[in-house]
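A short worksheet on the structure shown next.
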Amino acid sequence: MDYSGRVNSKKGAGGIASNEDINIQTKQRVQELLSTHVLDIDNDPYVFRNHLGMLECKLCLTTHINESSYISHLGGRKHHLNLERRRILDEKQNKSREHQLSSQNILSINNIEKRSWKKIGKPIYKITKVRDPETLRTGILVNIKLPKITVKEPMFRIMSYYELTSKNQNSCRNFIEKYKSDDDDDAEDDDDSDGGDDNKYQYLVVSAEPYDNIAIVIPNKHEIDKPLEENKMSDSYWWYWDNDTKEFFLQFLYKL
Numbered sequence: 001m002d003y004s005g006r007v008n009s010k011k012g013a014g015g016i017a018s019n020e021d022i023n024i025q026t027k028q029r030v031q032e033l034l035s036t037h038v039l040d041i042d043n044d045p046y047v048f049r050n051h052l053g054m055l056e057c058k059l060c061l062t063t064h065i066n067e068s069s070y071i072s073h074l075g076g077r078k079h080h081l082n083l084e085r086r087r088i089l090d091e092k093q094n095k096s097r098e099h100q101l102s103s104q105n106i107l108s109i110n111n112i113e114k115r116s117w118k119k120i121g122k123p124i125y126k127i128t129k130v131r132d133p134e135t136l137r138t139g140i141l142v143n144i145k146l147p148k149i150t151v152k153e154p155m156f157r158i159m160s161y162y163e164l165t166s167k168n169q170n171s172c173r174n175f176i177e178k179y180k181s182d183d184d185d186d187a188e189d190d191d192d193s194d195g196g197d198d199n200k201y202q203y204l205v206v207s208a209e210p211y212d213n214i215a216i217v218i219p220n221k222h223e224i225d226k227p228l229e230e231n232k233m234s235d236s237y238w239w240y241w242d243n244d245t246k247e248f249f250l251q252f253l254y255k256l
């Protein structure tokens, strides 16, 4: 707009505009915006029409009487600043969501579902003392019947007293004390031996779902002759699972 030739204006400079001139210029600018910018309320995520028929900007929390007022607001500094803030916030949320998805794909103990089953009691088992006729080494043969087993085959492990939980430690200790009181001869032998009671025994733990785990007390006077590698069998240390009869056999011999 040319304001030259007006009151208090200098040559080569714009003159002072009146309020009427400013309003005219504002209306012209709004009309230009309306002609170049088509307002689509249905696809604009930040505008809605309230119960009074006025337009509201959800991003800036402003109210506008008509569409021209809202279009002027779209070109303003406040709306652009809020758009930039929203863009930064969306980027942070997307990064955190991607991090959560990537962490869920990592296998950890927290996201592994705990298995549960209805226990049906202890299985029937038989323990037999054996002796090798050639080397005269003594050992133990364990036979367990598992007719209702639901897994492929049972699992077992020979554990020390300190590998058991505190609850199982107390149960094993009570069982050993009861066994000693029933057999006076064994009690006298234990009194003559050296070391604590915790190191005198090992425990063969057998697990087979849905049966309860069983722990067989094994004397720890001699070392078991078994391979150094895990899950390896030998003539003196072997096991066998008969899938037809659902019986599990485990035999080991002691070293001389």
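Letter 242 of the sequence shown, counting from 1, is numbered 242 in the UniProt record's numbering, and no numbers are missing. Even glycine gets a Cβ: it sits at the ideal position worked out from N, Cα and C. Source: prediction; values computed, not measured.
Limits of the alpha helix (DSSP H) - the one that residue i falls within
i	result
H51	Premise fails: H51 is in no alpha helix (DSSP H) and is neither H nor E.
H73	E67 to L74
For residue i, three-class secondary structure by DSSP
i	result
T165	coil
N199	helix
K129	strand
E247	strand
N220	coil
N19	helix
C60	coil
S207	strand
I176	helix
E230	coil
L141	strand
D186	Unreliable positioning characterises D186 in this predicted model, as indicated by a pLDDT of 49, which lies under 50. The coordinate reading is nonetheless provided below. If DSSP states are grouped into helix, strand and coil, D186 belongs with the helices.
I24	helix
F252	strand
S124	The sequence as given places Ile at residue 124; Ser does not occur at that position. Strand, per DSSP.
I41	coil
Residue i beta carbon near the ligand ADP (any heavy atom closer than 7 Å)
i	result
K27	As far as ligands go, the structure on display features none, and thus does not contain the ligand ADP.
Own chain partners of residue i with C-beta closer than 8 Å, once the 5 adjacent residues on each side are dropped
i	result
V130	T138, G139, I140, L141, Q251 and L253
D186	Note on D186: pLDDT 49, under 50, position unreliable in the model; no value is reported.
Close Cβ partners of residue i (< 6 Å) along its chain, the five nearest in sequence each way excluded
i	result
T63	M54 and E56
W239	L250
C60	K78, H79 and N82
D194	Low local confidence applies: a pLDDT of 45 at D194 is under 50, so the model's placement there is unreliable, and no value is given.
Limits of the unbroken beta strand (DSSP E) element including residue i
i	result
M155	M155 to M159
V151	Segment: none, V151 is in no beta strand (DSSP E) and carries neither H nor E.
D242	Y237 to D242
T135	Unbroken run through T135: none, as it is neither H nor E.
Closest by C-alpha distance to residue i, when choosing among the options
i	options	result
T128	R87, I144, Y70 and N231	I144
D40	H51, E67, E84 and E177	E67
S171	Y203, K148 and I158	Y203
S69	D244, V47 and L256	V47
L74	R97, D132 and D44	D44
W241	I149, K95, I120 and E98	I149
Close Cβ partners of residue i (< 7 Å) along its chain, the five nearest in sequence each way excluded
i	result
L164	C172 and Y203
K118	P210
Q: Inspect the CB distances between the region 150-167 and the region 208-215 and report whether three or more fall short of 8 Å.
A: Because the criterion of three Cβ pairs below 8 Å is met, the region 150-167 and the region 208-215 touch.
Q. Would you say the region 212-220 touches the region 115-127, given that touching needs at least three Cβ pairs under 8 Å?
A. Yes, the region 212-220 is in contact with the region 115-127.
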